[in-house]
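Novice: Sharing a structure below in structure tokens format, with a few things to ask.
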Amino acid sequence: MLDIEVIRADFPILDRVLPNGKNLVYFDNAATSQKPQCVIDAMSNFYENYNSNAHRSNHTLADEASSALENARNQISNFFGAKPENMIYTSGATEAINLVSYGWAKNNLDNGDVIVITEMEHHADIVPWQELSKEKGVEVRYVPINNETFMLDMEAFEIALEGAALVCVTHTSNVLGIRNPIEEIIKMSKENNCKVLIDCAQGAPHEKINFEELGADFLAISAHKMAGPTGIGCLLTSNERIQEMGPFMTGGSMIKKVTTDGSTFKDGHAMFETGTPRIAEAIGWGAAVEWLGQFKMEDIHNHVHDIAAFAGKEMTKIPGIKIFGDPTNKDSSGAVSFLHDTIQSQDLALLLDQGGYAVRTGHHCAQPLMDALGVPSTNRASFWIYNTREEVEGFITHLKYICERFA
Ligand SMILES: Cc1ncc(COP(=O)(O)O)c(C=O)c1O
17 MLDIEVIRAD FPILDRVLPN GKNLVYFDNA ATSQKPQCVI DAMSNFYENY NSNAHRSNHT
77 LADEASSALE NARNQISNFF GAKPENMIYT SGATEAINLV SYGWAKNNLD NGDVIVITEM
137 EHHADIVPWQ ELSKEKGVEV RYVPINNETF MLDMEAFEIA LEGAALVCVT HTSNVLGIRN
197 PIEEIIKMSK ENNCKVLIDC AQGAPHEKIN FEELGADFLA ISAHKMAGPT GIGCLLTSNE
257 RIQEMGPFMT GGSMIKKVTT DGSTFKDGHA MFETGTPRIA EAIGWGAAVE WLGQFKMEDI
317 HNHVHDIAAF AGKEMTKIPG IKIFGDPTNK DSSGAVSFLH DTIQSQDLAL LLDQGGYAVR
377 TGHHCAQPLM DALGVPSTNR ASFWIYNTRE EVEGFITHLK YICERFA
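Residue numbers (my numbering): 17 to 423.
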């Protein structure tokens, strides 16, 4: 069982009072989570005491920075059930997916090869494939969602798999909160000889992700949605796939030798990490996984699911509110997307903000999904480990008031 009050005490920002005197109620966790004090301290400690570049100079601070960077890689890869050499630091899930597109797919797929994605992908898992299609002539197939259940249409997925080379699917939709059957998706893809990329940006904060057990070829992860800092994430991939990859970005650190005639590159993950590393960010993410490691991810999921299901049930009782997704589904991740039938989504978000409630409004970087849902945008309340049922009760009261007063 989680002690939410004890957990909340780790997050200084949760005591924030907004300029209008309202207490912050942070329901925008699918955009980014808040950071516990230990993450903030780990990053400050680096800058205060051993700030230096990593893997370059030979002095005490440089050694400490290099060790901390690699120690964080060990902590993070271990958290995700992967070996350190199978983890490539990136700026986030977006860069991780671009790395698969430019580093792997560009070298291994060709004109006519098929990439299967879904209508519920974040733009980070759509645009790189569209760009690759322009460059290499690969075909991008979109698997639709079922407009009543909001789930992925698995029959359509099976048909789309026919002759495909790569499958790229989000673990959990950032809009609908729906968790895809990724184990089945990976199994079916492997049976069809397809490589698989799972976008775990939204899955990683909500359940234990184990790279080795899942058996996907690529997992893309962002730190900032799971208590870590912005600006860092990773791609987890196998030795076999790394062997097939070419460099995506080139420059310092990733080279063996540079002459005026040309350059040779390091082997393994080092080929894909160029320039000064994100040292403070890696240290912060290491602290975040250590902090998360004190809990069972299953308990986090259950807590978030309870409050999201409660929110969903109460919201559907409010006249005019429509929910996209099914927050009561036991696998749902805690993102509740909704609209009011007459109050504009932007207005609704501003009115919620006046009550202290931070939610997101817009297309959520998922415009093809908005098209499939037939709406330009939604409001989204997304919950995480530190949110409470009392906060949701306050939110429901405020939402009811807005709907009665402004509809
Ligand atoms: C499902 C999903 N994929 C990818 C991303 C991109 O993550 P980042 O912006 O951290 O690179 C997000 C961010 O919202 C997301 O929700």
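For each residue, glycine too, the CB sits at the ideal point set by N, CA and C.
Can you name, in chain order, every residue of its own chain whose Cβ lies under 6 Å from the Cβ of residue 105, other than the five neighbours on each side?
Specialist: Residue 105 sits at position 89 when you count from the first residue of the sequence shown. So the list reads 250 and 289, once near-sequence residues are dropped.
Novice: Return the CA-CA distance between residue 259 and residue 207, expressed in angstroms with no decimal places.
Specialist: Taking the first residue of the sequence shown as position 1, residue 259 is located at position 243. Taking the first residue of the sequence shown as position 1, residue 207 is located at position 191. Cα-Cα distance, rounded: 22 Å.
Novice: Per the DSSP calculation, residue 158 is bridged to which residue(s)?
Specialist: Along the sequence shown, read from residue 1 onward, the residue named residue 158 stands at position 142. Note: residue 158 sits in a beta bridge opposite 133.
Novice: Could you pull out every residue in the same chain whose Cβ sits closer than 6 Å to the Cβ of residue 279, ignoring the five residues on either side in sequence?
Specialist: Here residue 279 corresponds to residue number 263 of the sequence shown, with the count starting at 1. Result list for residue 279: 271, in chain order.
Novice: Residue 59: buried (16+ other C-beta within 10 angstroms of its C-beta) or exposed?
Specialist: As a working note, residue 59 is residue 43 in the sequence shown. With 16 or more other Cβ atoms within 10 Å, it is buried.
Novice: Taking buried to mean at least 16 other C-beta atoms within 10 Å of its own C-beta, is residue 329 buried or exposed?
Specialist: The residue given as residue 329 occupies position 313 in the sequence shown. Exposed, by the Cβ-count rule.
Novice: Would you say residue 102 and residue 205 are within 8 Å of each other, going by their C-beta atoms?
Specialist: Stepping through the sequence shown from its first residue, residue 102 is reached at position 86. Stepping through the sequence shown from its first residue, residue 205 is reached at position 189. The answer is no: Cβ separation not under 8 Å.
Novice: Determine whether the Cβ of residue 421 lies closer than 8 Å to any Cβ atom of chain D.
Specialist: Here chain D cannot be found, since the structure has a single protein chain.
Novice: Any chance the CB of residue 377 is under 7 Å from a heavy atom of ligand 1?
Specialist: Position 361 of the sequence shown holds residue 377. Incorrect: residue 377 has no Cβ contact closer than 7 Å to ligand 1.
Novice: In this structure, how does DSSP classify residue 356 when only helix, strand and coil are distinguished?
Specialist: If you number the sequence shown from 1, residue 356 lands on position 340. The answer is strand: DSSP assigns residue 356 an E or B state.
Novice: Does DSSP classify residue 281 as helix, strand or coil?
Specialist: Looking up residue 281 in the sequence shown gives position 265. Residue 281 falls in the strand class under three-state DSSP.
Novice: As a quick exercise: from 37, 175 and 100, pick the residue whose alpha carbon is nearest that of residue 284.
Specialist: Position 268 of the sequence shown holds residue 284. For the residues 37, 175 and 100, the minimum Cα distance to residue 284 belongs to 100.
Novice: Consult DSSP for residue 183 and reduce its assignment to one of helix, strand or coil.
Specialist: Within the sequence shown, residue 183 is the residue found at index 167, counting from 1. Three-state result, residue 183: strand.
Novice: With distances taken from each beta carbon to the nearest heavy atom of ligand 1, which residues come in below 5 Å, in chain order?
Specialist: 108, 109, 110, 138, 140, 186, 190, 215, 217, 218 and 238
Novice: Per the contact definition of three or more C-beta pairs closer than 8 Å, is the segment 353–368 in contact with the segment 407–419?
Specialist: Yes, since at least three Cβ pairs between the segment 407–419 and the segment 353–368 fall closer than 8 Å, the two stretches touch.
Novice: Measuring only the C-alpha atoms, how far is residue 148 from residue 378?
Specialist: Within the sequence shown, numbered from 1, the residue matching residue 148 stands at position 132. Within the sequence shown, numbered from 1, the residue matching residue 378 stands at position 362. Those two C-alpha atoms are separated by around 27 Å.
Novice: At 3 residues or longer, and completely inside the segment 356–401: list those beta strand (DSSP E) runs for me, N to C.
Specialist: 376–378 and 394–398
Novice: How many Å lie between residue 401 and residue 243 at the Cα?
Specialist: Position 385 of the sequence shown holds residue 401. Position 227 of the sequence shown holds residue 243. Rounded to whole angstroms, residue 401 to residue 243 spans 10 Å at the Cα level.
Novice: With distance defined between alpha-carbon atoms, name the residue in 179, 301 and 220 nearest to residue 52.
Specialist: The count along the sequence shown starts at 1 and reaches residue 52 at position 36. Nearest of 179, 301 and 220 to residue 52, Cα basis: 301.
Novice: Hey, quick one: how far does the alpha helix (DSSP H) through residue 113 stretch, first residue to last?
Specialist: If you number the sequence shown from 1, residue 113 lands on position 97. Here the alpha helix (DSSP H) through residue 113 covers 109–115.
Novice: Check for me: the beta strand (DSSP E) holding residue 216 runs from which residue to which?
Specialist: Counting from one through the sequence shown, the residue named residue 216 turns up at place 200. First-last for residue 216: undefined, no H or E at that position.
Novice: Taking Cβ to Cβ, would you say residue 394 is nearer than 8 Å to residue 348?
Specialist: What you label residue 394 is simply residue 378 of the sequence shown in a count that begins at 1. What you label residue 348 is simply residue 332 of the sequence shown in a count that begins at 1. Contact flag unset, no.
Novice: Going by Cα to Cα distance, which pick from 380, 376, 390 and 422 is closest to residue 41?
Specialist: Residue numbering aside, residue 41 sits at position 25 when the sequence shown is read from its first letter. It is 376 whose Cα lies nearest to the Cα of residue 41.
Novice: Quick one: which unbroken beta strand (DSSP E) runs of 3-plus residues sit fully inside the segment 42–109? Chain order, please.
Specialist: 103–106
Novice: Below 8 Å CB to CB, which residues in the same chain sit around residue 326 once its five sequence neighbours on both sides are set aside?
Specialist: By one-based count along the sequence shown, residue 326 stands at place 310. Excluding sequence neighbours, residue 326 sits near 405 and 408.
Novice: Whole-angstrom Cβ separation of residue 262 and residue 291, contact assumed at under 8 Å?
Specialist: Residue mapping note: residue 262 aligns to position 246 of the sequence shown, counting from 1. Residue mapping note: residue 291 aligns to position 275 of the sequence shown, counting from 1. By a beta-carbon distance limit of 8 Å, residue 262 does not contact residue 291. Their separation comes to about 17 Å.
Novice: How big is the Cα-Cα spacing for residue 215 and residue 313?
Specialist: Position 199 of the sequence shown, counting from 1, holds the residue named residue 215. Position 297 of the sequence shown, counting from 1, holds the residue named residue 313. Using only the alpha carbons, I get a separation of about 18 Å.
Novice: Quick check on this structure: which residue in 372, 115, 154 and 298 has the alpha carbon closest to the alpha carbon of residue 34?
Specialist: Residue numbering aside, residue 34 sits at position 18 when the sequence shown is read from its first letter. The shortest Cα separation from residue 34 among 372, 115, 154 and 298 belongs to 372.
Novice: According to DSSP, simplified to helix, strand and coil, what is residue 40?
Specialist: By one-based count along the sequence shown, residue 40 stands at place 24. Here residue 40 sits in coil by DSSP.
Novice: According to DSSP, is residue 422 part of a helix, a strand, or is it coil?
Specialist: Here the question's residue 422 lines up with position 406 in the sequence shown. Three-state result, residue 422: helix.
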